[in-house]
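Have a look at the structure below, then the notes.
Residue numbers (my numbering): 26 to 194.
In structure tokens:
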């Protein structure tokens, strides 16, 4: 099944549906709990949590951007991103990610980092972070940490990514 996806910012009425998407998409409740914790964290930025909905208006995919820093420079962290298993591989996740990135650019945000599947995120323009001198304090596969620049202002600053406290790293 392939739907035409509509995207919009998450509303308070979507919280339960977003939680259900993450619970269904992952083996543990960690991502769903992380989204809930981020909503209460200073890293939360209104308008940067996006859902993709099908023709019935029910959220099927979710993408979240929250504040992080690369060194001392403000940046955004993409994640968690999830799609309900019934709708995976239909474009629901890509639609939510693209909408969230467009919204971030419209807010004047410049840089985004993601720790995720190296086969998935390059389609949005993400590239290996290490080539820009961007790293983490924990060991992850080099190809899994990626960055994206949203404007023509140049590459991301070099430095260590500092995530919001709920990420635990």
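The beta carbon of each residue, even a glycine, is placed where N, CA and C say it ideally should be.
Discussion item. Measuring CB atoms only, is the stretch 102-109 touching the stretch 126-141, in the sense that at least three cross pairs come out at less than 8 Å?
Written reply: They touch, by the three-pair rule.
Practice prompt. Let me know the secondary structure DSSP gives residue 46 once reduced to three states.
Written response: In the structure shown, residue 46 sits in a helix (DSSP, three-state: H, G or I).
Item to complete: Go through its chain and collect everything with a Cβ distance to residue 187's Cβ below 7 Å, but skip five positions before and after it.
Response: Within the same chain, residue 187 has close Cβ partners 93, 94.
Practice prompt. Flag this pair as touching only if the stretch 32-45 and the stretch 109-125 have three or more C-beta atom pairs under 8 Å; answer yes or no.
Written response: Yes, the stretch 32-45 is in contact with the stretch 109-125.
Item to complete: Tell me whether residue 26 is buried or exposed, calling it buried when 16 or more other Cβ atoms sit within 10 Å of its Cβ.
Response: The pLDDT assigned to residue 26 is 46, lower than 50, so where the model puts this residue is not dependable; a value taken from the coordinates is nonetheless given after this. It is exposed - the Cβ of residue 26 has fewer than 16 other Cβ atoms within 10 Å.
Worksheet item: Within the chosen definition, does the stretch 155-171 reach the stretch 36-47 through at least 3 CB pairs nearer than 8 Å?
Response: no
Worksheet item: Starting from residue 90 and walking both ways along the beta strand (DSSP E), at which residues does that stretch end?
Response: 84-95
Practice prompt. Helix, strand or coil for residue 26, going by three-state DSSP, please let me know.
Written response: Only weak support exists for where residue 26 lies, its pLDDT of 46 falling under 50; the value from the coordinates is given anyway. Residue 26: coil per DSSP, three-state reduction.
Discussion item. Since residue 172 and residue 154 should fall inside the 8 Å C-beta cutoff, what is the C-beta to C-beta distance between them, to a whole number of angstroms?
Written reply: Under the criterion of beta carbons closer than 8 Å, residue 172 and residue 154 qualify as touching, at roughly 5 Å.
Discussion item. Extract the residue ranges of the beta strand (DSSP E) inside the stretch 129-189, only unbroken runs of 3 or more that lie entirely within it.
Written reply: Entirely contained in the stretch 129-189, the beta strand (DSSP E) runs reaching 3 residues are, in chain order, 136-140, 170-174, 184-187.
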